[in-house]
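K.L.:
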Amino acid sequence: MATNQLLDKRYQIIKKLHETHVSITFQGKDTRRFNRLCLIKQLKTSKPQLQEELEQRFQQEAKILKRLGRHPQIPDLYGYFSENNQFYLVQKWMAGRNLQHQLKQKGKLTEIEVKDILKKILPVLEFFKENKIIHRDIKPSNIMVNGEKLSILIDFGMVKEIDTIVNPNMTYTVLGIGTSGFVSPEQKKGKPTHASDIYSLGVTAVYLLTGKIPNSKLSWRKNVPNISSKFADILGRAIEKKLSDRYQTATEMLTAIKSSKTFYQGNNQLLKIRIVATIIGIIGAGIGIFFNKAEAYNSRGAVYYNQGKYEKALAEYNQVTQLNPKDAEAYKNRGDVYYNQGKYEKALAEYNQAIQLNPKYALAYNNRGAVYYNQGKYDLALADYNQAIQLNPKSASAYNGRGAVYYKQGKYDLALAEYNQAIQLNPKFASAYNGRGAVYYKQGAYDKAFADVNQAIQLNPKFALAYNGRGLVYYNQGAYEKALADFNQAIQLNPKYASAYYNRGVVYRKQGAYQKALADFNQAIQFNPKYAAAYYDRGYVYRKQGAYQKALADFNQAIQFNPKDAAAYYNRGLVYYNQGAYEKALADFNQAIQLNPKYANAYYNRGWLYGKQGAYQKALADFNQAIQLNPKDAAAYYNRGAIYKRNSNTEKAISDFEKAADLYQQQRNQELYQKSLDQLKELREN
45 MATNQLLDKR
55 YQIIKKLHET
65 HVSITFQGKD
75 TRRFNRLCLI
85 KQLKTSKPQL
95 QEELEQRFQQ
105 EAKILKRLGR
115 HPQIPDLYGY
125 FSENNQFYLV
135 QKWMAGRNLQ
145 HQLKQKGKLT
155 EIEVKDILKK
165 ILPVLEFFKE
175 NKIIHRDIKP
185 SNIMVNGEKL
195 SILIDFGMVK
205 EIDTIVNPNM
215 TYTVLGIGTS
225 GFVSPEQKKG
235 KPTHASDIYS
245 LGVTAVYLLT
255 GKIPNSKLSW
265 RKNVPNISSK
275 FADILGRAIE
285 KKLSDRYQTA
295 TEMLTAIKSS
305 KTFYQGNNQL
315 LKIRIVATII
325 GIIGAGIGIF
335 FNKAEAYNSR
345 GAVYYNQGKY
355 EKALAEYNQV
365 TQLNPKDAEA
375 YKNRGDVYYN
385 QGKYEKALAE
395 YNQAIQLNPK
405 YALAYNNRGA
415 VYYNQGKYDL
425 ALADYNQAIQ
435 LNPKSASAYN
445 GRGAVYYKQG
455 KYDLALAEYN
465 QAIQLNPKFA
475 SAYNGRGAVY
485 YKQGAYDKAF
495 ADVNQAIQLN
505 PKFALAYNGR
515 GLVYYNQGAY
525 EKALADFNQA
535 IQLNPKYASA
545 YYNRGVVYRK
555 QGAYQKALAD
565 FNQAIQFNPK
575 YAAAYYDRGY
585 VYRKQGAYQK
595 ALADFNQAIQ
605 FNPKDAAAYY
615 NRGLVYYNQG
625 AYEKALADFN
635 QAIQLNPKYA
645 NAYYNRGWLY
655 GKQGAYQKAL
665 ADFNQAIQLN
675 PKDAAAYYNR
685 GAIYKRNSNT
695 EKAISDFEKA
705 ADLYQQQRNQ
715 ELYQKSLDQL
725 KELREN
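Residues in the sequence shown are numbered from 45 upward in steps of one, following my numbering.
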């Protein structure tokens, strides 16, 4: 085809780039779109007698390409047409160099670099699966790098399918014809599956690490002595010859890669630094370099971030913003660093800037939502998660975050729906299982809670939150030793995990190991100085030990941080009572009852105090209420009986002392059982 030839009255040929037995690829320009560069592929046809069927098939496949081109990591299909019995595709021009060239120029890639590539290619393979597409030609020369983006070139091999007129009942559209060394065994036999693309991607990863195509699952490892065993195992599974032994979905492999690198904060998950990858088709090598200067800083920052070297990461991202003050991703990345350092205000400023520069930056909204969540600004967090989902309806992390907000707001049914959606989008999302387990726990569905936190631990054996959650389930089942083991594991994984220390302290308190309990409550408060529940439980232990001033100080703190804690008022009232401050005690019992009108112990103790003050009718009313709420409260029957006895209501007094005696006997409280019998004897003798 001649240079400068005009196709479809608009696309002008600039030069020929590439030719295979099925297609010819040209660089061209669109004369109707300001001469924008484009890539033109002429599809060779060898069976003109099938022209009508070929054209029908071409139209079908072109529509598929058009649909796929809507994905941000796949080049747009600008148009398609037939002219002089030839078929043409016009795609977005992708400048850059492929990874094959990169490998030759700069040498083998590091584990971090390969992981970053996989993390962005795998979601596109999942996108193919959702669209019933098998690529069949994943390889280094199909992965292009264009400035700040990694791109993967795709040769859809459409003409091969057109020439053969595939079965119209076929479920999957098969793309490409494969390249020796990168093709799975089942694909060689003409039976490719989605896992065939995973095999090719696994071989590509090994090739980028070693410069060689692996000839067995294990032999390649000797060429990468510094590779982590976990990543080596992941790649080993990806290139298993036996289909059933391989990862079956891209999501499954992606989860395995991310599992040891995911940061959890509270019930939320902050996404890691993003190295952008885009998938395109093999349409000829473009021009450009692997990383421009800004991207080099960005990528090095990502490496430091993943290693937890936050100050070094910040230094790299600072370089990016100096070189390009409008680099939204650099601001987002810097926000991620501040988030992990707990510097939420600084993180907010960075996410705000990223969103200002790119109002459609779903990940920035998601991560800003995580900051608001950790600050307790749940309405703002919810708004950001909503926006993230609107921009990216398949963001499992955003649904997970929204579930966490609803959980904190006590909207458990809504939270459950969000966690279900997150799990549906990502069946290997450990954080979502843990969050759903927390909802089930709150609803008292302990078996379901146990199943979910177990699943979270199975997916991520280093998930401290899930061990903490399972420990709570064990605690509520009375399995205290198992609960302790899980809280110990959570603390081992996260030595600053305030909630795990607190929960372990509660178990120790329940077991009467007060010194161990105090030590754990101290730790919880050290790591979270506003931990109301930890102050309450520490105060409870101090009260039990008779350290009333310490107990009083802790209950005051608990009430300051949680003014609606009825138990804190009740226990402070007990301390005041023991100190002889009856009016203060009475005020606290009143407040406890106001906050919790079904607080049986508060009614009982207020009644006891009224009795001590001679307000017998008030005492009687409170004992009545205590018994109504807790019909097995032996002390309430005993003390009500005492008031009836004082009021000469012998019949009711006898009835109450008989009930008290019966309950004390059931409780094996011999002393109070005998006192009840003595009261009965006295009443009957008189």
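Even for Gly, the Cβ is constructed at its ideal location relative to N, Cα and C.
For Asp700, count the other beta carbons within 10 Å of its own beta carbon; 16 or more makes it buried, fewer makes it exposed. Which is it?
P.N.:
In the sequence shown, counting from the first residue as 1, residue 700 sits at position 656. Buried, because 16 or more other Cβ atoms sit within 10 Å of the Cβ of Asp700.
K.L.:
In whole angstroms, what is the alpha-carbon distance linking Ala500 and Tyr450?
P.N.:
Looking up residue 500 in the sequence shown gives position 456. Looking up residue 450 in the sequence shown gives position 406. Between Ala500 and Tyr450, the C-alpha separation is close to 20 Å.
K.L.:
Measure the alpha-carbon distance for Gly617 versus Lys676 and round it to whole angstroms.
P.N.:
Position 573 of the sequence shown holds residue 617. Position 632 of the sequence shown holds residue 676. The alpha-carbon atoms of Gly617 and Lys676 are separated by roughly 23 Å.
K.L.:
Tell me the DSSP bridge mates of Phe125?
P.N.:
Stepping through the sequence shown from its first residue, residue 125 is reached at position 81. Phe125 pairs with Tyr132.
K.L.:
Can you grab the Cα-Cα spacing for the pair Gln623 / Phe571, in whole Å?
P.N.:
Counted from its first residue, the sequence shown places residue 623 at position 579. Counted from its first residue, the sequence shown places residue 571 at position 527. Each residue's alpha carbon lies about 32 Å from the other.
K.L.:
Grab me the residues of Arg548's own chain with a C-beta within less than 6 Å of its C-beta, minus the 5 sequence neighbours each way, in chain order.
P.N.:
The count along the sequence shown starts at 1 and reaches residue 548 at position 504. For Arg548, where only same-chain residues beyond five positions count, the Cβ hits under 6 Å are Phe531, Asp564.
K.L.:
Can you check DSSP and say which residues form a bridge with Asn142?
P.N.:
Taking the sequence shown and counting its residues from 1, the one referred to as residue 142 is at position 98. In DSSP, Asn142 forms a bridge with Met188.
K.L.:
Distance check for Lys594 and Glu155, CA to CA, integer angstroms please.
P.N.:
As a working mapping, residue 155 is identified with position 111 in the sequence shown. As a working mapping, residue 594 is identified with position 550 in the sequence shown. Taking the straight line joining both Cα atoms gives about 54 Å.
K.L.:
From which residue to which residue does the alpha helix (DSSP H) around Gln589 run?
P.N.:
As a working note, residue 589 is residue 545 in the sequence shown. Per DSSP, Gln589 belongs to the alpha helix (DSSP H) from 576 to 589.
K.L.:
Assuming Glu627 is part of the alpha helix (DSSP H), what are its boundary residues?
P.N.:
As a first step, residue 627 is located in the sequence shown; it is residue number 583 there, counting from the start. Where Glu627 is concerned, the enclosing alpha helix (DSSP H) stretches over 626 to 639.
K.L.:
Less than 8 Å separating the beta-carbons of Tyr429 and Ala442?
P.N.:
Within the sequence shown, the letter at position 385 stands for residue 429. Within the sequence shown, the letter at position 398 stands for residue 442. For Tyr429 and Ala442, yes; Cβs fall inside 8 Å.
K.L.:
According to DSSP, is Arg80 part of a helix, a strand, or is it coil?
P.N.:
If you number the sequence shown from 1, residue 80 lands on position 36. Three-state DSSP puts Arg80 in a strand.
K.L.:
Among Ala249, Arg114, Gln144, Asp380, which one has its Cα closest to the Cα of Ile165?
P.N.:
As a position in the sequence shown, residue 165 is number 121, starting the count at 1. Here the closest residue by C-alpha is Ala249.
K.L.:
Taking only the alpha-carbon atoms, compute the straight-line gap between Lys656 and Ala686 and give it to the nearest angstrom.
P.N.:
The residue labelled residue 656 in the question sits at position 612 within the sequence shown. The residue labelled residue 686 in the question sits at position 642 within the sequence shown. Going by the C-alpha atoms only, they are around 12 Å apart.
K.L.:
If you follow the alpha helix (DSSP H) that Lys594 is in, where does it begin and where does it stop?
P.N.:
Residue numbering aside, residue 594 sits at position 550 when the sequence shown is read from its first letter. Here the alpha helix (DSSP H) through Lys594 covers 592 to 605.
K.L.:
How about Ala459 and Val483: do their beta carbons lie closer than 8 Å?
P.N.:
For this step, residue 459 is matched to residue 415 along the sequence shown. For this step, residue 483 is matched to residue 439 along the sequence shown. In this structure, Val483 lies closer than 8 Å to Ala459 by Cβ.
K.L.:
Thinking just about the alpha-carbon of each residue, which of Pro229, Ala432, Gly515, Tyr251 is nearest to the one in Arg290?
P.N.:
Translated into the one-based positions of the sequence shown, residue 290 becomes position 246. The option with the nearest alpha carbon to Arg290 is Pro229.
K.L.:
Evaluate Pro119 with the Cβ neighbour count: other Cβ atoms within 10 Å of its Cβ, from every protein chain shown; 16 or more gives buried, anything less gives exposed.
P.N.:
Within the sequence shown, residue 119 is the residue found at index 75, counting from 1. Under this definition Pro119 is a buried residue.
K.L.:
My output table needs one value for Gln86: the three-state DSSP class, helix, strand or coil.
P.N.:
Here the question's residue 86 lines up with position 42 in the sequence shown. Three-state result, Gln86: strand.
K.L.:
Measure how close the beta-carbons of Ala636 and Tyr614 come, nearest whole angstrom, since I'm counting them as under 8 Å.
P.N.:
In the sequence shown, residue 636 corresponds to position 592, counting from 1. In the sequence shown, residue 614 corresponds to position 570, counting from 1. Ala636 to Tyr614, Cβ: 4 Å. Contact.
K.L.:
For Lys370 versus Glu394, is the C-beta spacing smaller than 8 Å?
P.N.:
The residue you call residue 370 lines up with position 326 of the sequence shown. The residue you call residue 394 lines up with position 350 of the sequence shown. It is not a contact, given that the beta carbons lie outside the stated cut-off.
K.L.:
With the cut-off set at 8 Å, would you say Tyr648 and Ala697 are in Cβ contact?
P.N.:
Working through the sequence shown from its first residue, we reach residue 648 at position 604. Working through the sequence shown from its first residue, we reach residue 697 at position 653. In this structure, Ala697 does not lie closer than 8 Å to Tyr648 by Cβ.
K.L.:
Got a sec? Which residues, its chain only, sit under 6 Å from Leu716 by beta carbon, not counting five neighbours each side?
P.N.:
Taking the sequence shown and counting its residues from 1, one reaches residue 716 at position 672. Cβ neighbours of Leu716 beyond the five flanking positions: Tyr708.
K.L.:
What is the residue span of the beta strand (DSSP E) that Ser67 lies within?
P.N.:
Within the sequence shown, residue 67 is the residue found at index 23, counting from 1. Note, Ser67: beta strand (DSSP E), 67 to 74.
K.L.:
Quick one: residues in its chain with C-beta nearer than 7 Å to the C-beta of Ala374, no 5 flanking neighbours on either side, listed in chain order?
P.N.:
Within the sequence shown, residue 374 is the residue found at index 330, counting from 1. These residues qualify, in order along the chain: Asn342, Tyr361, Val364, Thr365.
K.L.:
Give the secondary structure of Leu50 by DSSP, where H, G and I count as helix, E and B as strand, and everything else as coil.
P.N.:
Here residue 50 corresponds to residue number 6 of the sequence shown, with the count starting at 1. Leu50: strand per DSSP, three-state reduction.
K.L.:
With DSSP as the reference, identify every bridge partner of Tyr55, one or two as the case may be.
P.N.:
Counting from one through the sequence shown, the residue named residue 55 turns up at place 11. Paired residues: Leu51, Asp74.
K.L.:
Considering only DSSP beta bridges, list what Lys60 is partnered with.
P.N.:
For the purposes of this step, residue 60 is taken as residue 16 along the sequence shown, with counting starting at 1. Looking at the DSSP assignment, Lys60 forms a beta bridge with Phe70.
K.L.:
Measuring CB to CB, does Asn693 end up less than 8 Å from Trp652?
P.N.:
Residue mapping note: residue 693 aligns to position 649 of the sequence shown, counting from 1. Residue mapping note: residue 652 aligns to position 608 of the sequence shown, counting from 1. No, the pair does not count as a contact, with Cβ atoms beyond the cut-off.
K.L.:
Tell me where the alpha helix (DSSP H) around Gly151 begins and ends.
P.N.:
Start at 1 with the first residue of the sequence shown, and residue 151 comes out as number 107. No alpha helix (DSSP H) contains Gly151, which DSSP labels as neither H nor E.
K.L.:
Please report the residue range of the alpha helix (DSSP H) in which Phe473 lies.
P.N.:
The residue labelled residue 473 in the question sits at position 429 within the sequence shown. From DSSP, Phe473 is part of no alpha helix (DSSP H); its letter is neither H nor E.
K.L.:
Can you tell me where the alpha helix (DSSP H) with Thr293 in it begins and where it stops?
P.N.:
The residue labelled residue 293 in the question sits at position 249 within the sequence shown. Segment: none, Thr293 is in no alpha helix (DSSP H) and carries neither H nor E.
K.L.:
The alpha helix (DSSP H) with Gly685 in it runs from where to where?
P.N.:
Indexing the sequence shown from 1 puts residue 685 at position 641. Start and end: 678 to 690.
K.L.:
In this structure, how does DSSP classify Ser441 when only helix, strand and coil are distinguished?
P.N.:
On the sequence shown, position 397 is the one that residue 441 refers to. Reduced to three states, the DSSP call for Ser441 is helix.
K.L.:
What is the DSSP secondary structure of Val483, counted as helix, strand or coil?
P.N.:
Taking the sequence shown and counting its residues from 1, the one referred to as residue 483 is at position 439. Three-state result, Val483: helix.
K.L.:
In three-state DSSP terms, what is Asn259?
P.N.:
Here residue 259 refers to the residue found at position 215 when the sequence shown is read from its first residue. Here Asn259 sits in coil by DSSP.
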